[in-house]
Amino acid sequence: MEGHGEIGRLRDLIRLSHDPLFMKTASLRQLLVVSLCVIFKDILPTYRIRLPTEEELHQRVKKETKRLWRYEEILLRHYEIYTVLLRTILKNIAKKQMSKKLRLVYDQDWTKSEFVSALKCACMLFENNPLFNYAKYLLNAFVPFLQRSNSSKVRLIIFNCLRSIYASDVTGEATLMVCQAVHRVARNAKYRIRPDLARVIAGISIKEVFNPDNASQNSKKDRKLVSRKERKKDKLLAKFEKDQAETKASKSHEERLKMNTEILKEILFVYFTILKTTQDSDLLSAVLAGLSTYAHVINVEYVENLLQLMSSFVENPKTSLEDGLHAVHTALTILNSSTAASVLRIDPTRFSNHLYALLGRMGGVTMCLNIPTNAESNRPYSKLLHYSWARTPAALAAQTLTQREKLLKSSGEADDKGQSQATSIRLMSTTNIERFVDVILSCLDMLLISHRREVSITRVLAFVKRLSSLSLVVSNTACLASMLISLWKFLSLFPKCEVLFDSETEIGGVYDPEALDPEVARPASASLWELQFLRNHESPLVSLN
Numbered sequence: 001m002e003g004h005g006e007i008g009r010l011r012d013l014i015r016l017s018h019d020p021l022f023m024k025t026a027s028l029r030q031l032l033v034v035s036l037c038v039i040f041k042d043i044l045p046t047y048r049i050r051l052p053t054e055e056e057l058h059q060r061v062k063k064e065t066k067r068l069w070r071y072e073e074i075l076l077r078h079y080e081i082y083t084v085l086l087r088t089i090l091k092n093i094a095k096k097q098m099s100k101k102l103r104l105v106y107d108q109d110w111t112k113s114e115f116v117s118a119l120k121c122a123c124m125l126f127e128n129n130p131l132f133n134y135a136k137y138l139l140n141a142f143v144p145f146l147q148r149s150n151s152s153k154v155r156l157i158i159f160n161c162l163r164s165i166y167a168s169d170v171t172g173e174a175t176l177m178v179c180q181a182v183h184r185v186a187r188n189a190k191y192r193i194r195p196d197l198a199r200v201i202a203g204i205s206i207k208e209v210f211n212p213d214n215a216s217q218n219s220k221k222d223r224k225l226v227s228r229k230e231r232k233k234d235k236l237l238a239k240f241e242k243d244q245a246e247t248k249a250s251k252s253h254e255e256r257l258k259m260n261t262e263i264l265k266e267i268l269f270v271y272f273t274i275l276k277t278t279q280d281s282d283l284l285s286a287v288l289a290g291l292s293t294y295a296h297v298i299n300v301e302y303v304e305n306l307l308q309l310m311s312s313f314v315e316n317p318k319t320s321l322e323d324g325l326h327a328v329h330t331a332l333t334i335l336n337s338s339t340a341a342s343v344l345r346i347d348p349t350r351f352s353n354h355l356y357a358l359l360g361r362m363g364g365v366t367m368c369l370n371i372p373t374n375a376e377s378n379r380p381y382s383k384l385l386h387y388s389w390a391r392t393p394a395a396l397a398a399q400t401l402t403q404r405e406k407l408l409k410s411s412g413e414a415d416d417k418g419q420s421q422a423t424s425i426r427l428m429s430t431t432n433i434e435r436f437v438d439v440i441l442s443c444l445d446m447l448l449i450s451h452r453r454e455v456s457i458t459r460v461l462a463f464v465k466r467l468s469s470l471s472l473v474v475s476n477t478a479c480l481a482s483m484l485i486s487l488w489k490f491l492s493l494f495p496k497c498e499v500l501f502d503s504e505t506e507i508g509g510v511y512d513p514e515a516l517d518p519e520v521a522r523p524a525s526a527s528l529w530e531l532q533f534l535r536n537h538e539s540p541l542v543s544l545n
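When we follow full-length UniProt numbering, the leftmost residue of the sequence shown carries the number 1, and every step to the right adds one.
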């Protein structure tokens, strides 16, 4: 099939797809679809075919050029027929748009295995040639099944295909096509989508986006340094370089940044709309996890709106540990970016306090956020619960009374609906803690190391103690070792942390491990007894001997 003269054999295979007798047998149909996919994968060129115009056809050209035009025309015509066949099996094309021969194919009863084979073929061809002719039709044929299909196997095939596209895409055009297709599916579903559809556009490698302010400043600066004659010369040179770049199918750095900006706009539009409209906890978790990966490149115009959304998640007592952790990570990443920090002056205290409370709940130190639920808000002592961080006798008495009522209620009415609302906060298992160790350590680095000249030593001591307590509930050796390395880093950067190795001295009172605010926990009176416990760890990677 490599030679141009063998293109006639491809024509014979294409004709079989229109043969009613041949297409009646399911095994033959499936074999034909897979065989054509393998053939097209091998013979399709890496460039996009542009058929000659009428004017070009009447020009005198070499015989080799005419032979190439003829070959490309036949190849493109047969490939179009094959893509229509795949879209027919996937039910992505209207019956009115087909030829009479293909309408017989449309009415066939395609089996599940044939459907999966056609889906794999469409994904394979798009992955192999994402910028070739009719690639967009294939993409729009299989992306909706991320939302429509109930089969995890089908969604995994599409997910892996798109992930492979992100990794191999150099220009960003294919990635933008995918994001636009996902946005189209989400819009048609009124943004009530599956979490898999939100996850598929997360984690795209975007390290930098286009900044028009910097570009205009650089262009004005360069414009002042050259004369009119040199400017005209540079203009001609730029036009020549542009034509040369197009022939080599290469993109400049600025064009890639503009492409990244368009990709990010598509992603953020989907994510922001979901955050404002949905109440699905699984979908929110996927969106927050995706946002945390793009927080470093989010434009300033979105920052204020996004921080308000993150703040609402943090303040909501029903927010799960996982969602709260991603919300804090997203907010801290935005606040640590140079662009946002130079424009906005926002105090990250509320996010750091929430992170402190999350670490306490993960480590089993604090089991609740001490925030009254709707059922408790009408009681006379409910307002005192908001001040339980102060550890006053009245607040402690109200907290004890609340816990006692919960125990009595749970023992008498185990299946009561009110009890399910009162315990709506979801706890995170040990495996999930290990899964989010990287996010936890990243938050601590942004909070303590990036602001080490501004953060108070009391807050540093409190977070070091919380991280030490959290290390006892992590069983994975690699995760535990990374936590201890971060702990050693904090102890080295903040010499005043040596007070945590003194177990006999109390500074300002007794350490309060259940406090939700690190500034009032009196961490200087605590001690890192957990490190002594880890000296006898079974793994030499963790043992401190």
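Glycine included, each C-beta is placed from N, C-alpha and C at the ideal position.
Where does residue i sit, in a helix, a strand or coil, going by DSSP?
i, result
"Q279", "coil"
"residue 561", "Examination of residue 561 is not possible in this model, given that the chain is present from 1 through 545 alone."
"L131", "coil"
"Y381", "Bear in mind that a pLDDT of 42 at Y381, under 50, signals an unreliable position, so the number given afterwards is only what the model happens to contain. Y381: coil per DSSP, three-state reduction."
"P348", "coil"
"R453", "coil"
"Y137", "helix"
"P255", "The residue you asked about is not Pro; residue 255 is Glu in the sequence shown. Residue state, collapsed to three classes: helix."
"F494", "coil"
"H78", "helix"
"H354", "helix"
"L359", "helix"
"E506", "coil"
"K24", "helix"
"F436", "coil"
"H537", "coil"
"I14", "helix"
"V464", "helix"
"I157", "helix"
"R184", "helix"
"E50", "According to the sequence as given, residue 50 is Arg; it is not Glu. Residue state, collapsed to three classes: coil."
"Y71", "helix"
"T111", "coil"
Relative to the C-alpha of residue i, which candidate in the options has its C-alpha closest?
i, options, result
"D323", "S205, F351 and K239", "F351"
"L359", "E72, R466, L309 and L491", "R466"
"V303", "L268, P518 and L321", "L268"
"L534", "L484, V520, A526 and N299", "L484"
"L32", "M362, S17 and K41", "S17"
"I39", "K62, R29 and L75", "L75"
"P136", "D109, A122 and K496", "Here residue 136 turns out to be Lys, not Pro, going by the sequence shown. Among D109, A122 and K496, the Cα nearest to that of K136 belongs to A122."
"L491", "T477, S468, V510 and G508", "S468"
"S168", "E127, V328 and K318", "E127"
"R192", "L284, V474 and V209", "L284"
"L307", "L332, L131 and N133", "L332"
"A295", "L447, E262, V178 and I334", "I334"
"S475", "P513, Y511, H451 and V542", "V542"
"L257", "S164, N188, L176 and P317", "L176"
"A198", "K276, V154 and Y271", "Y271"
"T88", "T46, R48 and N140", "N140"
"R9", "V314, R148 and I43", "I43"
"E454", "F142, P348, I7 and Y47", "P348"
"R11", "L36, P20 and T111", "L36"
What's the gap between the Cα of residue i and the Cα of residue j?
i, j, result
"T278", "L264", "21 Å"
"D196", "V116", "18 Å"
"S281", "E498", "42 Å"
"I298", "S151", "34 Å"
"G290", "I201", "8 Å"
"R184", "R435", "32 Å"
"S471", "G363", "8 Å"
"L355", "K207", "26 Å"
"F159", "L146", "8 Å"
"residue 586", "N536", "Examination of residue 586 is not possible in this model, given that the chain is present from 1 through 545 alone."
"N305", "M23", "56 Å"
"G311", "K318", "Looking at the sequence itself, residue 311 is Ser, so the reference to Gly does not match. Going from the Cα of S311 to the Cα of K318 covers about 13 Å."
"H78", "K41", "13 Å"
"E262", "E173", "10 Å"
"R522", "T458", "7 Å"
"S292", "N92", "34 Å"
Three or more beta-carbon pairs under 8 Å between the segment 500-509 and the segment 443-456, yes or no? no
Counting pairs of Cβ atoms below 8 Å between the segment 23-30 and the segment 51-62, do you hit three or more? no
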